[in-house]
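In the numbering used here, the protein residues as written are 1256 to 1590. From the three backbone atoms N, C-alpha and C, an ideal C-beta is built for every residue, glycine too. Model, not experiment: these values are computed from the prediction.
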Amino acid sequence: ENLLQIAQCAGWAKSSKATMMFLPEACGFLGENAQETLVNAEPPLVQQQDLSSIGKNPAWLTEQLKSTVERCTSECPGNGMNAKTKDTGGAPSDLIDDEKSMADLSVLGGLQAIARCSGLWISVGGLHVRADDGDESLEDRVYNSHLVLDSTGSIQALYNKIHLFDVSIPGKVQLRESKSTAPGHKVVLCDTPVGRLGLSTCYDVRFPELYVKLVEQGAEILLVPSAFTVPTGSAHWHVLLRARAIESQCFVIAAAQYGSHNKKRSSYGHSLVVDPWGTVMTDAGGVDSKPASHTDEEDTTIATPCIITADIDLKDVASIRERMPVQHHRKAAEY
């Protein structure tokens, strides 16, 4: 069902003349416990490996994804949160053939098919991928992997989340991501049609030194796909993303999960695009908000799935950096 919703969004993005689509963390599956996550994880990945050996799905699923993209590409914009938002108000469950076996399906394979039939580059904000490829110390562990697919479905970048979310807020949040997830160790950038991307994931946003490294290597757009909890999102989400944009003088694109996933997890939402001056260009809404097109008397439930779009002009990055050369001043400083 998640793949079919992503196919819907790809169709709307294509109809909006978008070049690239950005998905949140855990865009394929968010488990209720470590064992559930492991069972549903993708097999080990290596960037640029033979794509014929991964992502195999039955023909019926590939055809459903293709037809969903095509149908949604031809749809007219619906009533949404703003003039650039489209939503359906529900999942495409009617498209799923209940008699088909759902076992052994590849989320990555489905996303590759969506990229190919939509012609979009896709930032896959987070897939759980088995980490035990010949390394016994990583047995029964996964990586939280952020991938970039080009418009043919090929993997152009693979980033494994470095900073893992081990947090205890009494009475609110008790999560230990490191229990089942192995940390990554490499800074990753990717050249795309929209600019040079610096990849990160969710909790990484609290560590500005990572983004300093990304900017030093030429990042123009920082990606922060997330599934922020409601307590931490309400307190810190907007200010953290605006801070990373301001200090890095980059665009920030943060696709975010929204709503209840299971009895243990709910996400804050508020997918954002922030410009290099720190101005929020567009906000999909989430907890503590309502669609901009709604009045106080109307239902304020934010329908999912939905997309928001933004025009990225890299001249804005160059202009701000020229007028306020923060990166040069950082290099020149002595501490």
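Check, Outcome
"Which of helix, strand or coil DSSP assigns to residue 1396", "coil"
"For residue 1496, the three-state DSSP class (helix, strand or coil)", "helix"
"Beta-bridge pairing of residue 1297 - partner residues as DSSP gives them", "1384"
"Spatial distance of residue 1397 from residue 1578 (CA atoms)", "44 Å"
"Residue burial classification, residue 1468 (beta-carbon count within 10 angstroms, cutoff 16)", "exposed"
"Stretch-stretch touch, CB-based, cutoff 8 Å, three pairs: the stretch 1493-1503 with the stretch 1257-1267", "no"
"Residue 1369, enclosing alpha helix (DSSP H) - first and last residue", "1362-1373"
"Cβ-Cβ separation, residue 1499 to residue 1460 (assumed contact under 8 Å), whole Å", "6 Å"
"Given 8 Å, three or more beta-carbon pairs between the stretch 1271-1282 and the stretch 1445-1452", "yes"
"Where residue 1559 sits in the DSSP three-state scheme", "coil"
"Cα-Cα separation, residue 1564 to residue 1540", "13 Å"
"Residue 1256, DSSP secondary structure in three states", "coil"
"Buried versus exposed call for residue 1376 [16 or more other C-beta atoms within 10 Å across all chains shown]", "buried"
"Close beta carbons around residue 1253, own chain, < 6 Å, minus the five adjacent residues each side", "Since the first residue of the chain shown is 1256 and the last is 1590, residue 1253 is not available in this structure."
"Residue environment, residue 1308, which counts as buried when at least 16 other CB atoms sit within 10 Å", "Model confidence at residue 1308 stands at a pLDDT of 48, short of 50, so the residue's coordinates are unreliable; what they give is reported in the following sentence. Label assigned to residue 1308: exposed."
"Buried versus exposed, by CB contacts within 10 Å (16 or more), residue 1292", "buried"
"The alpha helix (DSSP H) enclosing residue 1324, as first and last residue numbers", "1314-1329"
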